[in-house]
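Residue 467, in the UniProt record's numbering, is where the sequence shown stops; the numbers in between run on with no holes.
Structure first, commentary second.
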Amino acid sequence: MPVNVVMPQMGESIAEGTIVKWFKNEGEPVKKDEPLLEISTDKVDAEVPAPASGVLAKIHYGPGATVPVETVIAEIAAEGEAVAATPQPAAAPEATPAAVPKAQAEAPAPAPPAEEPFARELTPAPAAPEGEVFPAAAPVPAEPEASEAALLRRRSSPLVRRIAAEHGIDLAQVPGTGLHGRVTKEDILSYIEKQKAKPAAPPAPPAAAPTPAPAPAAPRPAPTVPAAPTFAGEEYREPMSIMRQRIAEHMVASRRTSAHVQTVFEVDVSHIVRLREKYKDEWERQYGVKLTYTPFFLEAAIDALKAFPVLNASIDGNDIVYHRHINLGVAVALPHGLIVPVIKHAEELSLLGLQRALTDLATRARNKQLKPEEVQGSTFSVTNPGPYGNLFGLPIINQPNVAILSIGNIQRRPVVIRDAMGREGIGISDVVYLALSFDHRLIDGAVADQFMAHIKAFIQEGRFSLA
């Protein structure tokens, strides 16, 4: 009996989804749990796995169709099994059956996009060594035609392909333990560790070389902008994506809802820079994660939110709703928009835990693997325009939060320094501007400035958990 593929319920408040593309064409074999199609909702973009193995016998709705949840959108049948016509529900808004173009169905899953600033864990880059903006991973080269067994073994997630590309590894050489030889994250990481453990080849005798030229400065991250349109006349039009429509709606609604006010503080982050330099290699070696600047700012914000819980609240009519837990929304820039995944119960996490959560959420946001509940329930948000080189940003509040913190670009600047004897002089320090947008309906300017002063003192006194 054919198995129905239905539009999934991606969250309690989500009533419909839009089909972005199908990864299979009608008549092609599918395996249970492999990605079958991509959908977009007003909360998150996600890949939908096949509910069963068999043949994709019938696609009822093609790309661009918006259908209610629980609607049958396709059927998977056993080899040679006939599929009866399935009546469509009368109330299926915008759900127009459409054929899936062969070219789209056969197109390979896209390689992960260049890791944009917040897509790489909100790292405030240029000013720091190694450029904390996560340089773009090299694309995985297209694989030549091979046997079905080899292709199955090479199948892997975008995360695994990115790790392989970063380390220059051919996935065909990695033993896979997943379904049908699928290379899992654990497989690739284990393979990398084994490669590191192999003795290095003896170095070649040194040869005379010209004096090297000074290393060029690390390039700034390329902005996430759409490709230039090809004009056939005086103007070019294209419809907004579902995500862009939702972003527009949410931003306008936030401006209409909250009384936006901003305050900006200059903060000396020399402690953060020194601590990161001291621990980054150890963390990568011991924990397998890159230590970025972002968790330091998050830890400072968490401490301030504990001291000023009104900034971790929300407004419901005439009630102030205080939240027991601190759920940090972290903005992630994607090539096609912006998403804000949430670190739940952030007050319970160490600096290492915050870094791991950032890395995980940013990676899965890029790979469209976030669940709806992972982009809901934030109580305070953080965004980071700093990697593009600006001084600071004045962001729009992420509803229903009452405040959002913006991290600017870390820069080395001349500053006035006072020694223990009270004498003043000019020195060089690592400095950043932190900006807070807050809802004046609930938060007074004095409270907002006290909150920011708390963050500044926490950072400049180096109260971090690993110090």
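Heads up, the beta-carbon is just placed ideally off N, CA and C, and yes, glycines get one too.
Taken in chain order, the complete alpha helix (DSSP H) segments of 4 or more residues contained in the region 379-460 are 445-460. Residue ranges of uninterrupted beta strand (DSSP E) with 3 or more members, entirely inside the UniProt domain "Lipoyl-binding" (2-77) and ordered along the chain, are 3-6, 16-22, 35-40, 45-49, 54-59, 66-68, 72-77. Under DSSP, Tyr-322 takes part in a beta bridge, and its partners are Ala-313. With contacts defined by Cβ atoms closer than 8 Å, Glu-47 and Gln-369 form a contacting pair. With contacts defined by Cβ atoms closer than 8 Å, Thr-379 and Asn-327 form a contacting pair.
Sequence-distant partners of Lys-32 (beyond 5 residues in either direction) whose C-beta falls short of 6 Å from its own C-beta, in its chain, are Ala-50, Ala-52, Ser-53. If you ignore the 5 residues before and after His-345, its C-beta comes within less than 6 Å of the C-beta of His-325, all in its own chain and listed in chain order. By the 16-neighbour rule on beta-carbons within 10 angstroms, His-440 is exposed. Its chain contains Pro-309, Ala-313 as the residues whose beta carbon lies nearer than 6 Å to that of Tyr-322, once the 5 sequence neighbours on both sides are disregarded; these appear in chain order. DSSP links His-260 through a beta bridge to Asp-439.
CA-to-CA, the gap between Ile-163 and Ile-188 works out to about 8 Å. Cβ neighbours of Leu-291 within its own chain (closer than 8 Å, five residues either side excluded): Arg-276, Tyr-279, Lys-280, Trp-283, Glu-284, Gln-355. Listed in chain order, the non-local C-beta contacts of Ser-241 below 8 Å within the same chain comprise Ser-40, His-336, Gly-337, local neighbours out to five positions each way being set aside. Selection Gly-329, Glu-266, Gln-286 evaluated against Val-416 yields Glu-266 as nearest (Cα-Cα). Rounded to whole angstroms, Tyr-287 and Lys-371 show a C-alpha spacing of 25 Å. Of Pro-385, Ile-339, Leu-311, Ala-453, the smallest CA-CA separation from Leu-442 is found for Leu-311. Exposure of Ala-420 is indicated by the presence of fewer than 16 other C-beta atoms within 10 angstroms of its C-beta.
Residue nearest to Val-432 within the set Arg-364, Val-342, Val-273 is Val-273 (criterion: CA-CA distance). Taken through DSSP and simplified to helix, strand or coil, Ala-362 comes out as helix. Note: Glu-266 is bridge-paired with Tyr-433 in the DSSP secondary-structure output. In this structure the region 375-395 does not lie against the region 229-240, because fewer than three pairs of beta carbons, one per stretch, are closer than 8 Å.
Within the model, the alpha-carbon separation for Val-174 versus Leu-334 is close to 29 Å. Per DSSP, the unbroken beta strand (DSSP E) holding Ile-339 starts and ends at 337-339. Ile-397 sits away from Ser-190, with the two beta carbons spaced by 8 Å or more. Under DSSP, Ile-343 takes part in a beta bridge, and its partners are Leu-328.
For the set Gln-245, Pro-35, His-250, Leu-466, the Cα lying nearest the Cα of Gln-399 is the one of His-250.
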